[in-house]
Amino acid sequence: MDFTPQSAIVINRHRPRRLRNWLALLLTLISTSASATDINALIDHIDTLWRGETSRAVMEMQVKTQRYQRTMTMEAWSYGKEHSLVLIRNPVKDRGIATLKVEANIWNYLPKINRVTKIPSSMMSGSWMGSHFTNDDLIRESTFADDYDSHISFEGQRDGLMIYEITSIPRENAPVVWGKVVMRVEQSSLTPMEALYFDEEGLLVRTLTFDQFMTLDERVIPMRLTLQPEDKPNESTVITYNSITFGVPLEPAFFSLQNLQRLR
Amino acid sequence: MVQQAHHTHLPMLFFMAWRNLWRNPIRSLLTISALAGGLVMIILYAGFLEGMNRQMQRHATENSTGHLQLQRQAFIDDRDLYATLPWPYLNALEHRFPTLHFAPRLYAAGLASSDASATGVMIQAVDPQREARVTRILDHIRQGTLNLAPATPTSAGLTRFNVIVGHQLARNMNLTIGSELILVTQAADGSIGNALFRVAAILKPLEPNFDRSGVLMSIEAFQSLMYLDNGFHELAIRLDNPDQLAQIQTTLRSHLLQIGTIQPLDALGGKPVIRNWRELNPAVADMLELSRSMMLFVGLIVVSLASMGMLNTMLMAVHERTHEFGILLAIGMQRRILLLMVLLESFFLALVSALLGSLLGSLLTGYLEDRGIDLSNYMPDGYDWAGMVFEPVMEVYLLPHHILQACLLMLVITLLTALIPAWRMVRLKPAEVMR
Numbered sequence: 009m010d011f012t013p014q015s016a017i018v019i020n021r022h023r024p025r026r027l028r029n030w031l032a033l034l035l036t037l038i039s040t041s042a043s044a045t046d047i048n049a050l051i052d053h054i055d056t057l058w059r060g061e062t063s064r065a066v067m068e069m070q071v072k073t074q075r076y077q078r079t080m081t082m083e084a085w086s087y088g089k090e091h092s093l094v095l096i097r098n099p100v101k102d103r104g105i106a107t108l109k110v111e112a113n114i115w116n117y118l119p120k121i122n123r124v125t126k127i128p129s130s131m132m133s134g135s136w137m138g139s140h141f142t143n144d145d146l147i148r149e150s151t152f153a154d155d156y157d158s159h160i161s162f163e164g165q166r167d168g169l170m171i172y173e174i175t176s177i178p179r180e181n182a183p184v185v186w187g188k189v190v191m192r193v194e195q196s197s198l199t200p201m202e203a204l205y206f207d208e209e210g211l212l213v214r215t216l217t218f219d220q221f222m223t224l225d226e227r228v229i230p231m232r233l234t235l236q237p238e239d240k241p242n243e244s245t246v247i248t249y250n251s252i253t254f255g256v257p258l259e260p261a262f263f264s265l266q267n268l269q270r271l272r
Numbered sequence: 129m130v131q132q133a134h135h136t137h138l139p140m141l142f143f144m145a146w147r148n149l150w151r152n153p154i155r156s157l158l159t160i161s162a163l164a165g166g167l168v169m170i171i172l173y174a175g176f177l178e179g180m181n182r183q184m185q186r187h188a189t190e191n192s193t194g195h196l197q198l199q200r201q202a203f204i205d206d207r208d209l210y211a212t213l214p215w216p217y218l219n220a221l222e223h224r225f226p227t228l229h230f231a232p233r234l235y236a237a238g239l240a241s242s243d244a245s246a247t248g249v250m251i252q253a254v255d256p257q258r259e260a261r262v263t264r265i266l267d268h269i270r271q272g273t274l275n276l277a278p279a280t281p282t283s284a285g286l287t288r289f290n291v292i293v294g295h296q297l298a299r300n301m302n303l304t305i306g307s308e309l310i311l312v313t314q315a316a317d318g319s320i321g322n323a324l325f326r327v328a329a330i331l332k333p334l335e336p337n338f339d340r341s342g343v344l345m346s347i348e349a350f351q352s353l354m355y356l357d358n359g360f361h362e363l364a365i366r367l368d369n370p371d372q373l374a375q376i377q378t379t380l381r382s383h384l385l386q387i388g389t390i391q392p393l394d395a396l397g398g399k400p401v402i403r404n405w406r407e408l409n410p411a412v413a414d415m416l417e418l419s420r421s422m423m424l425f426v427g428l429i430v431v432s433l434a435s436m437g438m439l440n441t442m443l444m445a446v447h448e449r450t451h452e453f454g455i456l457l458a459i460g461m462q463r464r465i466l467l468l469m470v471l472l473e474s475f476f477l478a479l480v481s482a483l484l485g486s487l488l489g490s491l492l493t494g495y496l497e498d499r500g501i502d503l504s505n506y507m508p509d510g511y512d513w514a515g516m517v518f519e520p521v522m523e524v525y526l527l528p529h530h531i532l533q534a535c536l537l538m539l540v541i542t543l544l545t546a547l548i549p550a551w552r553m554v555r556l557k558p559a560e561v562m563r
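Chains A and B, in that order, are what the protein sequence lines are.
Heads up, the first sequence is in my numbering, so the first residue is 9 and it goes up one at a time.
Heads up, the second sequence is in my numbering, so the first residue is 129 and it goes up one at a time.
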């Protein structure tokens, strides 16, 4: 099977799981005309299939706001669904700051004061590393399949491309911030093109655009992600992947608080 | 003829009314004590309300707000970190208004972590010297010492500043004096601001929001954490004479326009806005208004109830003297004069009650005014009302015009009630009642 959900893990540091779940879902939708429960069972199956897969990526995050513009270089590792670690390489002021995600927990390591702080659940909607992504974006990726009901809402040609449009609606009582998420995926390569995030009133809040596609390990991977908040047209966060490697040898112990302090 | 009669008989009438009052001394005394008791209640109530009003107003101004505040529109709207006023503004204002007291402040949101837990906090930076001249926020220390200076470095040689934290925050995060506090925030240049701090003191309850999430630090500490040194977010202003509030607000406003032409502000942060404490705490201003009308209302109810007792007394007094009144009318006594006499009896009742009531009321209120009502055994942290924390000692404050108003209110209402028995008396038919 050409289709590679784990590529998504690395491409999109912030929503790898979401992406993977989508692709997994997509796979099930294409291959079978399964009922909803079968889809869920398949999503779970595929999730566990790739658990244990690892990756390493070097990326650049450019944050543009009304007041400042800054570029950060980061290195990121992931191990399965629940573990990831991001280390800031540049600029000098933030060098060595690291974020560890294990399951639903996020810790930051701050080298200047040599301390690790845990992000409390009340701060999950706060900005991650000064970008337009939130801490919650890091967490939610691993629970997307549990939190949302997804279905294909459009299939066919749009803007000259054959696409699938997947609409995800949060389940009742799911602890999520979005009222609806719509993702457009190119049919032949199964590459995501864009994702639209709506609030509970159905208003578009932000758009995530994928481009600069690259074929890697026979997978088509978008190397650039642009997050555009709808209410601030002058602001954006752009993540560009410089390199991605799959199947790097990593131990679960790599994603520990001890290692977080050692990394530097 | 009638006029003449009035004049000649007036002293006599007074005398008769007074003597009539004491024909049944127990009944009169009971009525007097009911009216006087009502008056004591009203005076006490007025004293409490006034004490509370004063406490509220003082809280609204002295504890953190000041009489006036200067901020920029974008800071008022969404606490925009970048909506600062340049430091030269402070110097210019201090130079131009030497009699006013100014306290600059800076604010930011952050994440505080201790060994035990982490939570979102509101960082407030103050200039301790200037702040002390405007508000008493720094006096409200429950534990520890007022110290916002750099603390001794950690054993690993990391520098840190002293901070003062709200009491609820200290409890939630398990902080004690000397605890280490980590603050992480997004600095003004977009970098991850992070620094170590030492808890130097814990504040008394001040305002629920601040108690839960407030961290006070020096402006110097704030600037090194936030990389924001071009200005301040807020200027709290205290007047020595609060009566000049409106006038000074106008003068300051026009002077700010003048400074603005010399040193223009960036467009994004909006205009500088100067607001007084009533505008800043509309809930408190409304509450003060409300308590005034409440006082009149409660006073009316209490006096009306007490005057029911007087109505009863006078109805009885008139009833048992029907025969006597009949004779008086038969021998040619003017009805008006009789009416005047009955009204005078009520008036004397009310007057004696007013004197007794205001004397007792003033004594009691004066006693409470000196020592307050200490509830600290039951509520050591004070109580929370209308979004403000009050000290556990309730204040009572007596204003002479409150006593006067209460007495007048009582006299008017009792005289109005006295019209009922008086009217019955006037309609007597002498031939019938004397039979």
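For every residue, glycine included, the Cβ atom is placed at its ideal position computed from N, Cα and C.
The model shown is predicted, which means the values in this text are computed figures rather than measured ones.
Go to residue i, then tell me how far its alpha helix (DSSP H) extends in each direction, as first and last residue.
i: residue 107 of chain A; result: Careful: residue 107 of chain A lies outside any alpha helix (DSSP H), inside the beta strand (DSSP E) at 106-110.
i: residue 192 of chain B; result: Run containing residue 192 of chain B: none; DSSP gives neither H nor E here.
i: residue 366 of chain B; result: Where residue 366 of chain B is concerned, there is no enclosing alpha helix (DSSP H), although the beta strand (DSSP E) it sits in stretches over 362-366.
i: residue 273 of chain A; result: Not covered by the structure: residue 273 of chain A. The range shown for chain A is 9 to 272.
i: residue 495 of chain B; result: 463-499
i: residue 459 of chain B; result: Residue 459 of chain B -> no alpha helix (DSSP H), and no H or E assigned at all.
i: residue 178 of chain B; result: 153-186
Does residue i come out as helix, strand or coil in the three-state DSSP assignment?
i: residue 242 of chain B; result: coil
i: residue 246 of chain A; result: strand
i: residue 316 of chain B; result: coil
i: residue 301 of chain B; result: helix
i: residue 399 of chain B; result: coil
i: residue 404 of chain B; result: strand
i: residue 238 of chain A; result: coil
i: residue 248 of chain B; result: strand
i: residue 215 of chain A; result: strand
i: residue 148 of chain B; result: helix
i: residue 215 of chain B; result: helix
i: residue 266 of chain A; result: helix
i: residue 277 of chain B; result: coil
Under a CB-based cut-off of 8 Å, is residue i close to chain B?
i: residue 187 of chain A; result: no
i: residue 269 of chain A; result: no
i: residue 114 of chain A; result: no
i: residue 242 of chain A; result: no
i: residue 183 of chain A; result: no
Looking only at C-alpha atoms, which of the options sits nearest to residue i?
i: residue 219 of chain B; options: B/383, B/184 and B/503; result: B/383
i: residue 80 of chain A; options: A/69, A/74, A/87 and A/88; result: A/69
i: residue 183 of chain B; options: B/355, B/521 and B/381; result: B/521
i: residue 152 of chain B; options: B/298, B/444 and B/453; result: B/444
i: residue 429 of chain B; options: B/161, B/538 and B/502; result: B/538
i: residue 449 of chain B; options: B/140, B/143 and B/148; result: B/148
i: residue 530 of chain B; options: B/329, B/249, B/435 and B/176; result: B/176
i: residue 249 of chain A; options: A/224, A/107, A/238 and A/188; result: A/224
i: residue 553 of chain B; options: B/477, B/488 and B/451; result: B/451
i: residue 303 of chain B; options: B/376, B/327, B/254 and B/137; result: B/327
Which residue marks the beginning of the beta strand (DSSP E) containing residue i, and which one marks its end?
i: residue 173 of chain A; result: 169-178
i: residue 139 of chain A; result: Unbroken run through residue 139 of chain A: none, as it is neither H nor E.
i: residue 206 of chain A; result: 200-206
Is residue i near the ligand FAD, with its Cβ less than 7 Å from a heavy atom?
i: residue 83 of chain A; result: Of the ligands one can find in the structure shown there are none, so the ligand FAD has no counterpart to examine.
Let's test the definition: count the other Cβ atoms within 10 Å of the Cβ of residue i and tell me whether it reaches 16, buried, or not, exposed.
i: residue 131 of chain A; result: buried
i: residue 405 of chain B; result: buried
i: residue 433 of chain B; result: exposed
i: residue 314 of chain B; result: buried
i: residue 386 of chain B; result: exposed
i: residue 89 of chain A; result: buried
i: residue 43 of chain A; result: Any reading at residue 43 of chain A must be qualified, since the residue scores a pLDDT of 39, below 50, and its modelled position is unreliable; the value itself is stated next. It is exposed - the Cβ of residue 43 of chain A has fewer than 16 other Cβ atoms within 10 Å.
i: residue 415 of chain B; result: buried
Please confirm if residue i has its CB atom under 8 Å from at least one CB of chain A.
i: residue 279 of chain B; result: no
i: residue 296 of chain B; result: no
i: residue 317 of chain B; result: yes
i: residue 322 of chain B; result: yes
i: residue 396 of chain B; result: yes
i: residue 314 of chain B; result: yes
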